[in-house]
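J.: To start, I am sharing the structure in question, which I have written as structure tokens.
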Amino acid sequence: MSIRDSFTPEDWTHVLAAPMLVGMSISAADPGGLFSAFQESGAVARAVATGASEDGTLIGEVAKSYQVTEDRLGIVEAMKSVVAGKKTSEEVMAAAIGDLDRIFALVSAKVPEQAQGFSDWLLHIAQAVAEAGKEGGFLGFGGVAVSPEETAAIEKLRGVLGGATPA
């Protein structure tokens, strides 16, 4: 039985969205320009691609699902439902973190032995996204690697994701 089989199809789609929700929450914390958005999206993509080598883990199954068209389409729909009706970046960030809270509770209940590793991976993604593009600069000059707003968002994520206890 695969780890995926521990979840309903709908729940699995939400679990798959977790890396994207992490990226969205960091990006929404301190929205940069278009170039910054590309860099931050790339950080999520690299982390997911790297996770595919984690055979026999929730991380590996999530990462490999990003290679399946049907799963990617489900992720897009899950992401749309999170941002629907949100008008500000603060609302988007709050919705993403709220969804991550529910996802992590689900993971902790269904596959508790995988929860800490999944949490650590998602927090690694958050840090990578925050470090991907300088904030507050102009054309790549000046600015800071991780803004105070991004640091605060990572701490909010840590509060939501850091509650796992190792199996």
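Numbering (our numbering), first residue to last: 2 to 168.
A virtual CB, placed ideally from N, CA and C, is assigned to each residue, including glycine.
(1) At what residues does the alpha helix (DSSP H) containing methionine 2 begin and finish?
(2) What is the DSSP secondary structure of serine 148, reduced to helix, strand or coil?
(3) Check each candidate in Gly33, Ala85, Met25 and Ser26 and name the one with the smallest Cα separation from glycine 134.
(4) I'd like the list of long-range same chain contacts for tyrosine 67, defined as Cβ closer than 6 angstroms, with 5 residues on each side in sequence excluded.
(5) How far does the alpha helix (DSSP H) with glutamate 132 in it extend, from its first residue to its last?
(6) For glutamate 62, which residues from the same chain have a beta carbon less than 8 angstroms from its beta carbon, with the 5 sequence-adjacent residues on both sides left out?
(7) In three-state DSSP terms, what is glutamate 92?
(8) By the DSSP assignment, the alpha helix (DSSP H) with glutamate 62 in it spans what residues?
(9) For aspartate 12 versus lysine 111, is the C-beta distance shorter than 9 angstroms?
(10) Under three-state DSSP, which class holds valine 16?
(11) If you draw a straight line from the C-alpha of alanine 153 to the C-alpha of proline 20, how long is it?
(12) Quick check: serine 148 and alanine 131, are their CB atoms within less than 9 angstroms of each other?
(13) Do glycine 24 and isoleucine 60 have their CB atoms nearer than 9 angstroms?
(14) Quick one: is the Cβ of alanine 18 within less than 8 angstroms of any heavy atom of the ligand MN?
(15) How would you label alanine 97, buried or exposed, when you count the other beta carbons within 10 angstroms and need 16 or more for buried?
(16) Assuming leucine 17 contacts aspartate 72 (C-beta within less than 8 angstroms), just tell me the rounded distance between them.
(17) Going by beta-carbon coordinates alone, are leucine 158 and leucine 107 separated by less than 9 angstroms?
T.: Based on what the coordinates show:
(1) Counting from 1 along the sequence shown, the entry for residue 2 is found at position 1. Run containing methionine 2: none; DSSP gives neither H nor E here.
(2) Here residue 148 refers to the residue found at position 147 when the sequence shown is read from its first residue. Note: serine 148 maps to coil in three-state DSSP.
(3) Within the sequence shown, numbered from 1, the residue matching residue 134 stands at position 133. Measuring from the Cα of glycine 134, the nearest candidate turns out to be Gly33.
(4) The count along the sequence shown starts at 1 and reaches residue 67 at position 66. Same-chain partners within the cutoff: Val49.
(5) Counting from one through the sequence shown, the residue named residue 132 turns up at place 131. 113-133 is the extent of the alpha helix (DSSP H) around glutamate 132.
(6) Residue 62 sits at position 61 when you count from the first residue of the sequence shown. The answer, listed in chain order, is Ser3, Ile4 and Arg5.
(7) To locate residue 92, count along the sequence shown from 1; it is residue 91. Helix.
(8) Within the sequence shown, the letter at position 61 stands for residue 62. Run containing glutamate 62: 59-66, per the alpha helix (DSSP H) assignment.
(9) Taking the sequence shown and counting its residues from 1, the one referred to as residue 12 is at position 11. Taking the sequence shown and counting its residues from 1, the one referred to as residue 111 is at position 110. For aspartate 12 and lysine 111, yes; Cβs fall inside 9 angstroms.
(10) Mapped onto the sequence shown, residue 16 falls at position 15. Reduced to three states, the DSSP call for valine 16 is helix.
(11) Your numbering for residue 153 matches position 152 in the sequence shown. Your numbering for residue 20 matches position 19 in the sequence shown. Near 18 angstroms, if we compare the C-alpha coordinates of proline 20 and alanine 153.
(12) Your numbering for residue 148 matches position 147 in the sequence shown. Your numbering for residue 131 matches position 130 in the sequence shown. Yes, Cβ-Cβ distance for serine 148 and alanine 131 is below 9 angstroms.
(13) Stepping through the sequence shown from its first residue, residue 24 is reached at position 23. Stepping through the sequence shown from its first residue, residue 60 is reached at position 59. Taking 9 angstroms as the Cβ cut-off, glycine 24 and isoleucine 60 do not qualify as a contacting pair.
(14) Looking at this structure, you won't find the ligand MN or any other ligand, since it has none at all.
(15) Within the sequence shown, the letter at position 96 stands for residue 97. Its Cβ being crowded by 16 or more others within 10 Å, alanine 97 is buried.
(16) The residue you call residue 17 lines up with position 16 of the sequence shown. The residue you call residue 72 lines up with position 71 of the sequence shown. Correct: roughly 6 angstroms between the Cβ atoms.
(17) Walking along the sequence shown from the start, residue 158 turns up at place 157. Walking along the sequence shown from the start, residue 107 turns up at place 106. No, Cβ-Cβ distance for leucine 158 and leucine 107 is not below 9 angstroms.
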